[in-house]
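If you count the first sequence from 1, position 215 lands on 215 in full-length UniProt numbering, and the numbers rise without skipping.
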Amino acid sequence: MKRIPPDDIDMLQHKVLSFYREHGRVYPWRKTTDRYAVMVSEIMLQQTQADRVVGKYLAWMERYPDPASLAASSLKEVLCLWSGLGYNARGERLQRAADIILRDFDGQVPGDPELLMTLPGIGPYTSRSIPVFADNMDIAAVDTNIRRILIVELGLDESTGPKQLMDVARAVLPAGRSREWHNALMDYGALVLTARRTGIRPVTRQSRFEGSRRWYRSRILRDLLEHDGGMTTEEISARYADCPYDLDGLLDELEKDRLIEQEALPDDGGVMVRVRA
DNA sequence: TTCCCGACAG
DNA sequence: CTGTCAGGAA
């Protein structure tokens, strides 16, 4: 891997940390070291702007202050509280993770990245960001913001892979200040070195939302959240007659994502669809 | 139009 | 490794 001059590291650390001291954003999840609270915030923050998460996070922590209360909830209520954040499967996975935490970890969110990786909804980034923000663990976590900063400030190639980025991130991490450092990087990336300003494209991009499969999925799920008894596929088909996609296929995917369940009604009464119990 | 403190399945 | 997942703000 490419060596980074110590002076460059000092420069970067000073620049980013200074900015943070002056202009750092204040968020409720930055005021706690509770690992569960941090886990909730980190999963909500996946692919979602921080400012839009604040209200949802506060409401969630009010209703589900610990893994036990979350595990005991109905999925329907979980999804109602999640509604507006997007990527509904994240909410379902978070609840499933709470269930595993109760069963296998005595109700305590594990602090080891390798254990966290085994939980649904927690991948390479989040498994590291949780110990970073909750426990100030001296490891590097690279998200889209941090990737962009490293590329711009250290003159890396935009094609630099995740492994090399991790090496670089580890090299510039100020020991003992992991939590502050990562928060600082987030804010520097979100407020100064924005994607628009730097022209650095994110690794993964998306097609337009309006009229997309995601758009129909979200509308169907929202309908089901309002209809306690569920809806038949007939009703759904009628409501979305304009849908260019195969509705049964969409429903099957929602079912695979563990968000809904489909039940064949007796006497060929069609198929009842409802939020998974 | 583009992107957001990514994860997961195919 | 590639496509897909939600929704709102800039």
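Even for Gly, the Cβ is constructed at its ideal location relative to N, Cα and C.
All values reported here derive from a predicted model rather than from experimental measurement.
Beta-carbon gap between residue i and residue j smaller than 9 angstroms
i	j	result
residue 116	residue 131	yes
residue 265	residue 221	no
residue 156	residue 164	yes
residue 158	residue 201	yes
residue 70	residue 78	yes
residue 171	residue 4	yes
residue 109	residue 125	no
residue 104	residue 33	no
residue 151	residue 160	yes
residue 44	residue 122	no
residue 60	residue 81	yes
residue 239	residue 252	no
Closest by C-alpha distance to residue i, when choosing among the options
i	options	result
residue 36	270, 207, 244 and 102	102
residue 128	42, 177, 108 and 206	42
residue 73	121, 84, 97 and 234	97
residue 188	23, 81 and 110	23
residue 8	66, 153 and 81	153
residue 186	6, 49 and 34	49
residue 192	51, 145 and 205	145
residue 53	27, 33, 134 and 63	27
residue 137	245, 176 and 271	176
residue 229	276, 64 and 21	276
residue 133	104, 180 and 225	180
residue 271	241, 257 and 236	236
residue 256	57, 178 and 217	217
residue 213	63, 252, 166 and 245	245
residue 209	87, 121 and 123	87
residue 89	46, 15 and 239	46
residue 268	232, 91 and 250	232
residue 241	199, 100 and 211	211
residue 29	65, 21 and 10	65
residue 226	249, 166, 111 and 274	274
Environment of residue i [buried if 16+ CB atoms lie within 10 Å]
i	result
residue 184	buried
residue 203	exposed
residue 55	exposed
residue 169	buried
residue 281	This structure gives no information on residue 281, because the portion of the chain shown stretches from 1 to 277.
residue 263	exposed
residue 147	buried
residue 18	exposed
residue 162	exposed
residue 91	buried
residue 94	buried
residue 113	buried
residue 14	exposed
residue 6	exposed
residue 58	exposed
Span of the alpha helix (DSSP H), counted from its first residue to its last, around residue i
i	result
residue 11	6 to 23
residue 149	144 to 153
residue 158	It is not in any alpha helix (DSSP H) - residue 158 carries neither H nor E in the DSSP assignment.
residue 58	50 to 63
residue 125	124 to 135
residue 43	35 to 45
residue 110	Run containing residue 110: none; DSSP gives neither H nor E here.
residue 179	178 to 191
residue 82	75 to 82
residue 67	67 to 72
Enclosing beta strand (DSSP E) for residue i [first to last residue]
i	result
residue 93	That residue, residue 93, is in no beta strand (DSSP E); its alpha helix (DSSP H) goes 89 to 104.
residue 274	271 to 275
residue 264	260 to 264
Which full runs of the alpha helix (DSSP H) of 4+ residues lie inside the region 199 to 253, going along the chain? 213 to 226 and 233 to 239
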